[in-house]
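> The structure that follows is given in the form of structure tokens.
Residue numbers (my numbering): 66 to 141.
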């Protein structure tokens, strides 16, 4: 059985990527939809980053994270 990634996995991954890029942002949590998306689109978002000025770098990291973690469980 394959372990389903959790919101903590996404936060840890993104925080590591932001640190590697020298970005000052660190996530505390992500917003996870209460259902699994049938189209296999990501069921999570990072609204905490909505107003960050480095949109291009952040969007690149979010795209990669959504590819790696399309569906996650909300674990906090």
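Don't be surprised by glycine CBs; every beta carbon is placed ideally from N, CA and C.
In angstroms, rounded to a whole number, what distance separates the CA positions of residue 141 and residue 72?
So the two alpha carbons sit approximately 8 Å from each other.
> Mapping DSSP to helix, strand and coil, what is residue 85?
Reduced to three states, the DSSP call for residue 85 is helix.
> Any Cβ of chain D within less than 8 Å of the Cβ of residue 124?
Going by chain labels, chain D is absent from the structure shown, which holds only one protein chain.
> Which residue comes first and which comes last in the alpha helix (DSSP H) that contains residue 121?
Unbroken alpha helix (DSSP H) run through residue 121: 120-133.
> In whole angstroms, give me the CA-to-CA distance for residue 113 and residue 69.
Using only the alpha carbons, I get a separation of about 23 Å.
> Would you report the Cα separation of residue 129 and residue 136, rounded to the nearest angstrom?
Going from the Cα of residue 129 to the Cα of residue 136 covers about 13 Å.
> Per the DSSP calculation, residue 110 is bridged to which residue(s)?
Answer by DSSP bridge pairing, in chain order: 96.
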